[in-house]
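The structure appears below as structure tokens.
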Amino acid sequence: VIRKGSEPIMDIQTGIRWMELFNEKIQQEKDYLTQLDTPIGDSDHGNNMSRGMTYVVEAIDTQSPDSLEALLKIVTANLLSKVGGASGPLYGSAFMGMLKTYQEGESSWRKILQGGLESIQKRGKAEVGDKTMIDVWAPVVLALENDGLTDEVIDEAVEATKPLKAKKGRASYVGERSIGHIDPGAYSSALLFHAMLEAEAE
Ligand code: ADP
Ligand code: MG
Numbered sequence: 725v726i727r728k729g730s731e732p733i734m735d736i737q738t739g740i741r742w743m744e745l746f747n748e749k750i751q752q753e754k755d756y757l758t759q760l761d762t763p764i765g766d767s768d769h770g771n772n773m774s775r776g777m778t779y780v781v782e783a784i785d786t787q788s789p790d791s792l793e794a795l796l797k798i799v800t801a802n803l804l805s806k807v808g809g810a811s812g813p814l815y816g817s818a819f820m821g822m823l824k825t826y827q828e829g830e831s832s833w834r835k836i837l838q839g840g841l842e843s844i845q846k847r848g849k850a851e852v853g854d855k856t857m858i859d860v861w862a863p864v865v866l867a868l869e870n871d872g873l874t875d876e877v878i879d880e881a882v883e884a885t886k887p888l889k890a891k892k893g894r895a896s897y898v899g900e901r902s903i904g905h906i907d908p909g910a911y912s913s914a915l916l917f918h919a920m921l922e923a924e925a926e
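If you read the sequence shown in the working numbering, its first letter stands for residue 725, the second for the next number, and so on.
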């Protein structure tokens with residue numbers, strides 16, 4: 725749980741642990757992510773994220789970043805170049821936005837994730853309710869500003885993508901038929917935030 729007022733700071737050790745845990749979750753849930761991307765997509769989200777995160781943790785391992793800035797640069801570069809699909813540039817933008825926010829002197833998770841969210845929206849032009857990863861990122865940032873972020877908040881945001889009709893990305897091509905399915909990018913973003921809570925709690 726990250727609660728309001730305590731303002732946890734993102735540092736290099738937590739950041740590295742965050743990426744290791746995110747990678748573990750992505751590899752564990754790779755098939756489920758692909759399954760989610762089948763009725764409303766092209767069944768590649770699991771592979772996309774799995775490949776990208778394999779490169780991210782390998783690069784962290786070989787380059788041993790010694791600052792948060794160096795870490796965020798490695799993550800950004802690998803997500804941009806290795807994930808592919810629509811989600812690659814979007815996740816890449818997210819980490820680029822976080823890096824920029826950190827370089828501007830902010831180090832709280834709240835501010836950094838807000839910078840990530842703004843950067844995804846600048847790139848993908850999706851709003852809350854369009855059935856994309858934004859539907860998890862926005863409530864997470866909001867929770868950090870208000871009552872605090874818990875695993876439940878994250879899971880509820882994912883479930884809430886189910887009744888939505890997709891208005892952005894590949895899922896929007898199936899129109900009404902996207903209703904009733906969880907958005908794959910929302911689910912992978914949930915894994916990112918569960919990993920963050922775990923890393924922060926360690
Ligand atoms: P592709 O759609 O190219 O096959 P992926 O399957 O890897 O790429 O990723 C799909 C996910 O990307 C969606 O579930 C959605 O969450 C996210 N997405 C797609 N378009 C946008 C957008 N414009 N803004 C935010 N997220 C988006
Ligand atoms: Mg896809």
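Think of the CB as a built atom: it goes at the ideal place given N, C-alpha and C, for glycine as much as any other residue.
Only a predicted model underlies this, so the values are computations on that prediction, with no experimental measurement involved.
Worksheet item: Taking buried to mean at least 16 other C-beta atoms within 10 Å of its own C-beta, is ALA810 buried or exposed?
Response: It counts as buried.
Worksheet item: Roughly how many angstroms lie between the CA atoms of ILE740 and TYR826, to the nearest whole one?
Response: The alpha-carbon atoms of ILE740 and TYR826 are separated by roughly 15 Å.
Fill in: For LEU823, the three-state DSSP class (helix, strand or coil)
Shown here, LEU823 sits in a helix according to DSSP, grouped into three states.
Worksheet item: Hey, would you say ARG847 sits closer than 7 Å to SER805, going by beta carbons?
Response: No; because the gap between Cβ atoms is not below 7 Å, this pair is not in contact.
Discussion item. Ligand 1 and ASN771: does the residue's C-beta get closer than 6 Å to at least one heavy atom of that ligand?
Written reply: It does not: the Cβ of ASN771 is nowhere closer than 6 Å to a heavy atom of ligand 1.
Discussion item. According to DSSP, simplified to helix, strand and coil, what is SER927?
Written reply: Not covered by the structure: residue 927. The range shown for the chain is 725 to 926.
Worksheet item: For ILE726, which of helix, strand or coil comes out of DSSP?
Response: In this structure, ILE726 counts as strand in the three-state DSSP scheme.
Worksheet item: Looking only at its own chain, which residues have a Cβ that is under 6 Å from the Cβ of HIS905, when we skip the five neighbours before and after it?
Response: Within the same chain, Cβ atoms closer than 6 Å to the Cβ of HIS905 are found at PRO763 and ILE764, the five residues on either side in sequence being excluded.
Worksheet item: Do the stretch 851-862 and the stretch 879-896 make contact, defined as three or more Cβ pairs closer than 8 Å?
Response: As far as the Cβ criterion goes, the stretch 851-862 touches the stretch 879-896, which means the pair count is three or higher.
Practice prompt. Would you decide whether THR758 is buried or exposed? Buried here means 16 or more other CB atoms lie within 10 Å of its CB.
Written response: If you draw a 10 Å sphere on the C-beta of THR758, you find 16 or more other C-beta atoms in it, and that means buried.
Item to complete: Whole angstroms is fine: what's the gap from LEU915's alpha carbon to ASN870's?
Response: LEU915 and ASN870 have their alpha carbons spaced roughly 21 Å apart.
Practice prompt. Could you tell me if the beta carbon of LYS886 falls within a distance shorter than 6 Å of some heavy atom in ligand 1?
Written response: No.
Practice prompt. Work out the CA separation of PRO863 and ALA881 for me, nearest whole Å.
Written response: For ALA881 and PRO863, the gap between their C-alpha atoms comes out near 7 Å.
Worksheet item: Contact check, LEU795 vs ILE736 under 8 Å by CB: the rounded distance?
Response: About 6 Å separates the Cβ atoms of LEU795 and ILE736, confirming a contact at the 8 Å cut-off.
Worksheet item: I think ILE726 touches LEU841, with their Cβ atoms under 8 Å apart; what is that distance to the nearest whole Å?
Response: Not a contact, Cβ separation roughly 15 Å.
Discussion item. Can you check which of these residues, GLU793, PRO813 and ALA919, is closest to ASN802 by C-alpha distance?
Written reply: Of GLU793, PRO813 and ALA919, the residue nearest in Cα terms is PRO813.
Item to complete: Pick out the complete alpha helix (DSSP H) segments inside the stretch 741-822, 4 residues or longer, and give them in chain order.
Response: Taking only runs of at least 4 residues, the alpha helix (DSSP H) segments lying wholly in the stretch 741-822 are 754-760, 769-787 and 792-806.
Item to complete: Can you give me the Cβ contacts of GLU744 inside the same chain, cut-off strictly under 7 Å, excluding the 5 residues immediately before and after it?
Response: So the list reads VAL781, once near-sequence residues are dropped.
Practice prompt. Give me the Cα-Cα distance between GLN752 and GLU900, rounded to the nearest whole angstrom.
Written response: In a straight line, the C-alpha of GLN752 is about 30 Å away from that of GLU900.
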